[in-house]
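Below: one structure, written as structure tokens.
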Amino acid sequence: MRYTKLFLPTLREIPADAEVISHQLMLRAGMLRKLTSGIYTYLPLGLRAIKKVEKIIREEMERAGAQEVLMPTVQPADLWKESSRWDVYGKELVRFKDRHGRDYCLGPTHEEVITDLIRGEVRSYRDLPLNLYQIQNKFRDEIRPRFGLMRGREFSMKDAYSFDADEEGAAKSYQSMSGAYNRIFERCGLNFKAVEADTGNIGGSFSHEFMVLADTGEDAIVSCVECDYAANMEKAEVNPDYITKEQHETLPVSMERVSTPNVRTVEEVTQFLSVTPKQLVKTMIFETSAEPVAVLVRGDHEVNPAKVKNVLGVETLELASEETVLKLTGAPAGFAGAVGLSIKIIADKAVEPIKNMVMGANEKDAHFIGVNRGRDFEVSEFADLRLVTHSDRCPRCGKAIEIKRGIEVGHIFKLGDKYSKALSATYLDQNGNKRYIIMGCYGIGVGRTVAAAIEQNHDKNGIIFPMPIAPYQVVILPLQMRDGEVVSAAEALYEQLTGQGAEVLLDDRDERAGVKFKDADLIGVPVRVTIGKKSLKEGKLEVQFRATGEKELVSQEGAEKVILDMIKRELGN
Ligand SMILES: [Zn+2]
Numbered sequence: 003m004r005y006t007k008l009f010l011p012t013l014r015e016i017p018a019d020a021e022v023i024s025h026q027l028m029l030r031a032g033m034l035r036k037l038t039s040g041i042y043t044y045l046p047l048g049l050r051a052i053k054k055v056e057k058i059i060r061e062e063m064e065r066a067g068a069q070e071v072l073m074p075t076v077q078p079a080d081l082w083k084e085s086s087r088w089d090v091y092g093k094e095l096v097r098f099k100d101r102h103g104r105d106y107c108l109g110p111t112h113e114e115v116i117t118d119l120i121r122g123e124v125r126s127y128r129d130l131p132l133n134l135y136q137i138q139n140k141f142r143d144e145i146r147p148r149f150g151l152m153r154g155r156e157f158s159m160k161d162a163y164s165f166d167a168d169e170e171g172a173a174k175s176y177q178s179m180s181g182a183y184n185r186i187f188e189r190c191g192l193n194f195k196a197v198e199a200d201t202g203n204i205g206g207s208f209s210h211e212f213m214v215l216a217d218t219g220e221d222a223i224v225s226c227v228e229c230d231y232a233a234n235m236e237k238a239e240v241n242p243d244y245i246t247k248e249q250h251e252t253l254p255v256s257m258e259r260v261s262t263p264n265v266r267t268v269e270e271v272t273q274f275l276s277v278t279p280k281q282l283v284k285t286m287i288f289e290t291s292a293e294p295v296a297v298l299v300r301g302d303h304e305v306n307p308a309k310v311k312n313v314l315g316v317e318t319l320e321l322a323s324e325e326t327v328l329k330l331t332g333a334p335a336g337f338a339g340a341v342g343l344s345i346k347i348i349a350d351k352a353v354e355p356i357k358n359m360v361m362g363a364n365e366k367d368a369h370f371i372g373v374n375r376g377r378d379f380e381v382s383e384f385a386d387l388r389l390v391t392h393s394d395r396c397p398r399c400g401k402a403i404e405i406k407r408g409i410e411v412g413h414i415f416k417l418g419d420k421y422s423k424a425l426s427a428t429y430l431d432q433n434g435n436k437r438y439i440i441m442g443c444y445g446i447g448v449g450r451t452v453a454a455a456i457e458q459n460h461d462k463n464g465i466i467f468p469m470p471i472a473p474y475q476v477v478i479l480p481l482q483m484r485d486g487e488v489v490s491a492a493e494a495l496y497e498q499l500t501g502q503g504a505e506v507l508l509d510d511r512d513e514r515a516g517v518k519f520k521d522a523d524l525i526g527v528p529v530r531v532t533i534g535k536k537s538l539k540e541g542k543l544e545v546q547f548r549a550t551g552e553k554e555l556v557s558q559e560g561a562e563k564v565i566l567d568m569i570k571r572e573l574g575n
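Numbering (the working numbering), first residue to last: 3 to 575.
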């Protein structure tokens, strides 16, 4: 492709509404443009990168035995009512009526539609296993769309669904998809980690997320330095080995009310009373889809809402408003405590061994000291309810853990019979018995993968595309467009390389060298070939690899081979 023909509107300035690097660079490199909040048009450069990711996905899905289908974006409400998700999915689901007054939604996911297809077609165990996938646009009405393709409202996704006769088959399908996902992200040239994840509102029993590691990532990932344990922050289990000898030996004292005027935060309370955060117990009030609940955690710990949700088995969980806290505890936020509280109380396991706790007195400007469980209040259940911290140990092997940042690009779920039961998707087994089909579902954010690749691979000058997903593999920069020899050397190399199947961008603009270098760096083409009057006199061209900055002067005749070898090496074949 010639630069002068390419629709590539690059920007010098960082667009004001782009908060994260990938969004800034995708706008600046002319890869996409915003239509409206969370909805984007892909321009040629952006679309090429996306198509490359899609191609890798298709190849690996087919290799794993999945077959491509394409389902509609518009879905009837009836199916969502059958699965009981119409009422619980919330405002992310865009709902509307057609001219006959029938309810529809824009598909945020396709479990209902695919299960409806399968229940109509699969009759016997002979029809199973089956794995169907699509690459299609989803719509989720995010409350705060931001970060460009990272959290858009309309986005391209690969979603696959597996159907098996039994748990054993479903486990095999899950493994096979896990293998395919590892190959997909490896082939995209990304540094990633598969981590255990919470199943959230898709439901099901078992799940992993594929995270691209990047300091700018939204998600925290917990992993062991020794064994292969890795989980996202929501899911990460706490190693329960934390009860100290002192905690065993401390004797209970009597409870006392102390005045703590305007002292609310953990820092303020511990300083004011000269105690450590380990002595303080925080009482957090949550409202749920069932009754309100008080959750106790140690002063230096944070509640993990996903764990609380799972322990209570509730659909929704939200931190109570100031107003509700006042109503339930009789005190403003910051002074809640378990003593005398009439709502359900559950506590993190780390609270169990604490003697002589400090906690809010359910009264403005007052705390209790010397509080002891059993004597002063009761807890209905102890469970792992908190977020892991740097000082925790691996729940599997007890060694140290690391907390890194990542961007979720893929998610696989073992669904079990959740949807097949709700929608009556059954088959007849060898003995003629009707059985529910066991399902799995497997997603990849396609645009998000490109954005995550940029978050992981960039420098101050622009994008550094991994070769497998680069929109172009080589950019040729003739520095003097009015010099016949320079131009014909550039044209000749362009013909040679494209003839060999390389994807080449020829910067044939009559621009200053500085402008050409800047744009080449910004759009992140992996191999840059510079053709200048001076070196060409000696029959030389300069080849530079964007990722490492290594440059070499090569002979005009040898350039083709050097460049093709570089592409091959980077594509890993
Ligand atoms: Zn470990």
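Think of the CB as a built atom: it goes at the ideal place given N, C-alpha and C, for glycine as much as any other residue. Quick caveat: nothing in here was measured; it's all calculated off a predicted structure.
Can the beta-carbon of residue i be found less than 8 Å from the beta-carbon of residue j?
i      : j      : result
GLN498 : ILE569 : no
ILE471 : LYS36  : no
LEU555 : ALA504 : no
ILE356 : ARG300 : yes
MET469 : PRO528 : yes
VAL341 : ALA335 : no
According to DSSP, is residue i helix, strand or coil?
i      : result
THR285 : strand
GLU113 : helix
THR391 : coil
ALA490 : Note on identity: in this sequence residue 490 is Ser, with Ala being the wrong assignment. SER490: helix per DSSP, three-state reduction.
TYR163 : strand
LYS570 : helix
GLN77  : strand
SER209 : strand
ALA349 : strand
ALA31  : coil
GLU198 : strand
THR43  : strand
MET179 : helix
HIS413 : strand
HIS369 : strand
GLN475 : coil
ASN234 : strand
Using the rule of at least 16 other Cβ atoms within 10 Å of the residue's Cβ for burial, across every protein chain shown, is residue i buried or exposed?
i      : result
PHE98  : exposed
HIS210 : buried
THR43  : exposed
ASP521 : buried
GLN458 : buried
ASP80  : exposed
GLY1   : This structure leaves residue 1 out entirely; the chain is present only between 3 and 575.
GLU236 : buried
ASN433 : exposed
HIS1   : Beyond the ends of the chain as shown, which are 3 and 575, falls residue 1; an answer cannot be given.
Quick one: residues in its chain with C-beta nearer than 8 Å to the C-beta of residue i, no 5 flanking neighbours on either side, listed in chain order?
i      : result
TYR135 : MET63, ALA68, GLN69, GLU70, VAL71, LYS160, ASP161, ALA162, TYR163 and TYR444
PRO74  : GLY109 and VAL115
VAL295 : ILE287, PHE288, VAL310, LEU314, ILE345, LYS346, ILE347 and ILE348
ASP509 : TYR5, VAL477, ILE478, LEU479, PRO480, LYS518, ASP521 and ALA522
ASN139 : THR75, GLU156, PHE157, SER158 and MET159
VAL367 : In the sequence on display, residue 367 carries Asp and not Val. So the qualifying residues of the chain are SER261, THR262, PRO263, ASN264, VAL265 and PHE337.
PRO254 : LYS357, ASN358, GLY372, ASN374 and ARG377
Would you report the Cα separation of residue i and residue j, rounded to the nearest angstrom?
i      : j      : result
ASN312 : GLU383 : 13 Å
VAL90  : GLU317 : 8 Å
LEU1   : ALA455 : A query on residue 1 cannot be resolved here, the shown segment of the chain reaching from 3 to 575 and no further.
ALA363 : ASP419 : 47 Å
ILE525 : VAL452 : 13 Å
LYS436 : SER85  : 20 Å
HIS303 : ILE414 : 30 Å
LEU45  : LEU34  : 5 Å
ALA233 : ALA199 : 6 Å
ILE41  : LYS542 : 46 Å
ALA18  : TYR183 : 35 Å
LYS329 : VAL390 : 31 Å
THR278 : ASP394 : 18 Å
LEU538 : THR550 : 24 Å
PRO11  : ARG450 : 21 Å
Can you list, in chain order, the residues of its chain with a C-beta nearer than 6 Å to that of residue i? Leave out the 5 residues immediately preceding and following it.
i      : result
ASP485 : LYS535
ASN176 : It is worth fixing the name first, because residue 176 is Tyr in this sequence and not Asn. Correct list, in chain order: LYS416 and GLY442.
VAL506 : VAL476, TYR496, LEU499 and THR500
GLN546 : ARG530 and LYS553
THR532 : LEU479 and GLU544
Taking 7 Å as the limit between beta carbons, can you name the residues of its chain near residue i, skipping five residues before and five after?
i      : result
SER256 : GLY372
PRO307 : LEU319
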